[in-house]
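Quick notes on the structure that follows.
This is the structure:
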């Protein structure tokens, strides 16, 4: 095999590869001979089919197979010998494809290979990274609020027996008929609808106009459908609803005590309180980790002072820009982008794409050099966790993963990234600072705007080149 380098500019490489005709012919002959030994053709005993007949019938197909195999193996051999790490799948163009594919020909196989290689990445001094990790404790006030909310969700409804109208927190059962421009519309008529006074989920102003209504009383409610209402034919339009109250009930919230715990299936109220405290603490810890991870990525981005492969950046930008364009088209674009022209926005989001790619490459290199790997048990846990998101369909989700290796690999990236982050946090200079839950949440809101820029592009785990 003869390899000639034709381009070496930045991260771009190009080569011309020539595989001698004798080697191609040897491969072809060996493959035809293997095929002849297993062919079953009427009139010939197994393994006794004449070579000329095998070449006549299968020569072209075998030539194409040998061509593909030769190109693949020669390309891999070239990359191994030259220690090339492509950022994306190399582009291969055959120069002598017609001649090489001809079963009767005996010509050299010549093809060109173009690629972008990964840059040389030097892992920075991770011990020089200084971070502050915020910590908040689950206090009695937060636990009490959570218990009250839990009790509220366990409330029961009982009929209001005193002579009064509906008040805040009551549930009114109504029959209703809605009209737009004095014409009834599909889905606007019904019976036995429960409406909570002060509750959510209704057209703005609907429940509020039921305050004071009594059983068997009728009213006409005038409302306007929101501009973003799900049914386009009703969005933004005024409507009237003729309603009649049929029943009035109030919610009875159980006392948060031992009997409440027993009703929930626990042995004691202390056990319920302890579980609530653990849940709140997990939420605080997850938020704190998110924040320190974001700070770590910022610090690593400052140290990722290498050029990212253009192909990876373009692929990442295309993904980001597609999402941004869809959000803008639906009227859900970032308010900070309003008033900016496409050229400005493209430049800003391309910079974000470049940052994300460099972060992904740096994290992959840190993981590769430190021996970080994703174990099969970790993938199984991730699969089970994903299946748990679909109650009643867990078996189907697991079967989907078993029959789709690519779907399993999509879980590997986040696991690998988290393990690399944990590894860096162990080496970095991290100072813990205790704050109130309000401070932790407030600080997170202030930093949320940088989340898209901070997140690294998905990088393949365990040292492989990242996929586009």
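Residue numbers (UniProt numbering): 1 to 468.
For every residue, glycine included, the Cβ atom is placed at its ideal position computed from N, Cα and C.
Closer than 7 Å by C-beta to residue i: which residues in its own chain qualify, once you throw out the five before and the five after it? Chain order, please.
{"i": "residue 54", "result": "32, 35, 36, 39"}
{"i": "residue 138", "result": "277, 280, 281, 284"}
{"i": "residue 370", "result": "423"}
{"i": "residue 499", "result": "Since the first residue shown for the chain is 1 and the last is 468, residue 499 is missing from the structure and cannot be characterised."}
With distances taken from CA atoms, which of the options is nearest residue i?
{"i": "residue 193", "options": "182, 179, 185, 210", "result": "210"}
{"i": "residue 203", "options": "182, 237, 171", "result": "237"}
{"i": "residue 196", "options": "350, 161, 169, 206", "result": "169"}
{"i": "residue 305", "options": "50, 325, 124", "result": "124"}
{"i": "residue 72", "options": "59, 58, 89, 83", "result": "89"}
{"i": "residue 245", "options": "418, 215, 232", "result": "215"}
{"i": "residue 239", "options": "83, 198, 205, 15", "result": "205"}
{"i": "residue 171", "options": "143, 212, 388", "result": "212"}
{"i": "residue 68", "options": "16, 94, 49", "result": "94"}
{"i": "residue 408", "options": "62, 426, 435, 374", "result": "374"}
{"i": "residue 29", "options": "345, 279, 63, 348", "result": "63"}
{"i": "residue 279", "options": "146, 368, 173", "result": "146"}
{"i": "residue 386", "options": "345, 332, 414", "result": "414"}
{"i": "residue 368", "options": "257, 416, 316", "result": "416"}
{"i": "residue 126", "options": "430, 435, 438, 437", "result": "430"}
Does the beta-carbon of residue i have 16 or more other beta-carbons within 10 angstroms, so that it is buried, or is it exposed?
{"i": "residue 44", "result": "exposed"}
{"i": "residue 259", "result": "exposed"}
{"i": "residue 419", "result": "buried"}
{"i": "residue 183", "result": "exposed"}
{"i": "residue 70", "result": "buried"}
{"i": "residue 274", "result": "exposed"}
{"i": "residue 342", "result": "exposed"}
{"i": "residue 329", "result": "exposed"}
Once you ignore the five residues that flank residue i on each side, which residues in its own chain have a CB closer than 6 Å to its CB?
{"i": "residue 18", "result": "2, 108, 110"}
{"i": "residue 129", "result": "299, 428"}
{"i": "residue 241", "result": "176, 178, 221"}
{"i": "residue 191", "result": "175"}
{"i": "residue 102", "result": "Any reading at residue 102 must be qualified, since the residue scores a pLDDT of 49, below 50, and its modelled position is unreliable; no value is offered."}
{"i": "residue 266", "result": "272"}
{"i": "residue 263", "result": "none"}
Going straight from the alpha carbon of residue i to that of residue j, what length do you get?
{"i": "residue 185", "j": "residue 229", "result": "14 Å"}
{"i": "residue 432", "j": "residue 134", "result": "6 Å"}
{"i": "residue 440", "j": "residue 287", "result": "8 Å"}
{"i": "residue 424", "j": "residue 321", "result": "31 Å"}
{"i": "residue 201", "j": "residue 404", "result": "39 Å"}
{"i": "residue 319", "j": "residue 269", "result": "50 Å"}
{"i": "residue 227", "j": "residue 422", "result": "46 Å"}
{"i": "residue 165", "j": "residue 390", "result": "42 Å"}
{"i": "residue 4", "j": "residue 24", "result": "19 Å"}
{"i": "residue 83", "j": "residue 76", "result": "10 Å"}
{"i": "residue 401", "j": "residue 392", "result": "16 Å"}
{"i": "residue 377", "j": "residue 426", "result": "23 Å"}
{"i": "residue 15", "j": "residue 21", "result": "19 Å"}
{"i": "residue 292", "j": "residue 366", "result": "18 Å"}
{"i": "residue 308", "j": "residue 347", "result": "16 Å"}
{"i": "residue 152", "j": "residue 207", "result": "20 Å"}
{"i": "residue 92", "j": "residue 290", "result": "42 Å"}
{"i": "residue 58", "j": "residue 74", "result": "24 Å"}
Below 8 Å CB to CB, which residues in the same chain sit around residue i once its five sequence neighbours on both sides are set aside?
{"i": "residue 86", "result": "79, 115, 116, 117, 118, 465"}
Quiz item: Touching or not, the stretch 116–127 and the stretch 6–14, by the rule of three or more beta carbon pairs under 8 Å?
Solution: By the Cβ rule, the stretch 116–127 counts as touching the stretch 6–14, because three or more pairs are nearer than 8 Å.
Quiz item: Is the stretch 335–346 touching the stretch 285–303 in the sense that three or more CB pairs, one from each, lie closer than 8 Å?
Solution: no
Quiz item: Is the stretch 250–258 touching the stretch 152–161 in the sense that three or more CB pairs, one from each, lie closer than 8 Å?
Solution: yes
Quiz item: Per the contact definition of three or more C-beta pairs closer than 8 Å, is the stretch 311–321 in contact with the stretch 347–362?
Solution: Cβ pair count under 8 Å is three or more, so yes.
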